[in-house]
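Chemist: Please find one structure pasted underneath; my questions will follow.
Quick look at the structure:
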């Protein structure tokens, strides 16, 4: 069986992926700088921090949704009593 060789994505695709992931210009530049200097570990750390930041925002919005759901529940419960 032949071993597949995977080439790294081109820089335009990487940049677009970072932008699509919500990275600002500063983060993109830092990521590319780390790429040029071969600091893959630091790139992964940078991506991990950005991921955590996004996840924290998701959790904030999730709590807001729970608050709205509770309010809807209370209003519906009150309506059934009338």
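In the numbering used here, the protein residues as written are 5 to 86. Ideal Cβ positions, reconstructed from N, Cα and C, are used throughout, including at glycine.
#1: Going by beta carbon distance, what residues of the same chain come within less than 8 Å of residue 32, once the five residues before and after it are set aside?
#2: Measure the CB-CB distance between residue 34 and residue 50 and report whether it falls below 8 Å.
#3: Assuming residue 17 and residue 54 are in contact, meaning their beta carbons sit under 8 Å apart, how far apart are those beta carbons, in whole angstroms?
#4: Would you report the Cα separation of residue 30 and residue 69, rounded to the nearest angstrom?
#5: Can you tell me where the alpha helix (DSSP H) with residue 71 in it begins and where it stops?
#6: Is it buried or exposed, residue 71, if we count other Cβ atoms within 10 angstroms and call 16 or more buried?
Modeler: On the basis of the data shown:
#1: 19, 22 and 23
#2: yes
#3: Incorrect: roughly 18 Å between the Cβ atoms, too far for contact.
#4: 31 Å
#5: 44-85
#6: exposed
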